[in-house]
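Each step along the sequence shown adds one to the number in the working numbering, with nothing skipped, and position 47 is 47. By construction, the Cβ of each residue, glycine as well, lies at the ideal position given by its N, Cα and C atoms. Just so we're clear, the structure is a prediction, and the values are computed from it rather than from any experiment.
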Amino acid sequence: MSSRPTDNLFIRYMKAFEDSTQHTGDCAPCQGETPCAEGTPIHDRFARLQDAYNARQKQR
Numbered sequence: 001m002s003s004r005p006t007d008n009l010f011i012r013y014m015k016a017f018e019d020s021t022q023h024t025g026d027c028a029p030c031q032g033e034t035p036c037a038e039g040t041p042i043h044d045r046f047a048r049l050q051d052a053y054n055a056r057q058k059q060r
């Protein structure tokens, strides 16, 4: 039995959330309005996956 595409998206979304949350907790600049250079792609990935997941949920 194979995973549905939404399962993979959800897993990637939750991993990105975890990475973003952990980085923010460990990085003082990312706790403000302007993330650090290392944090920007981490937070951007989370935002993209969150948007994709929410869009897919609305289609249901």
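Where residue i sits in the DSSP three-state scheme
| i | result |
| --- | --- |
| R60 | coil |
| A55 | helix |
| M1 | Because M1 sits at a pLDDT of 47, beneath the cut-off of 50, its placement in the model cannot be relied upon, and the point is left open. |
| P35 | coil |
C-alpha gap between residue i and residue j, whole angstroms
| i | j | result |
| --- | --- | --- |
| A37 | Y13 | 21 Å |
| T21 | H43 | 9 Å |
| R48 | P29 | 21 Å |
| Q33 | N8 | A small fix is needed here, since residue 33 is Glu in this sequence, not Gln. Roughly 30 Å between the two C-alpha positions. |
C-beta atoms of residue i and residue j nearer than 8 Å
| i | j | result |
| --- | --- | --- |
| R60 | A16 | no |
| T40 | Q31 | no |
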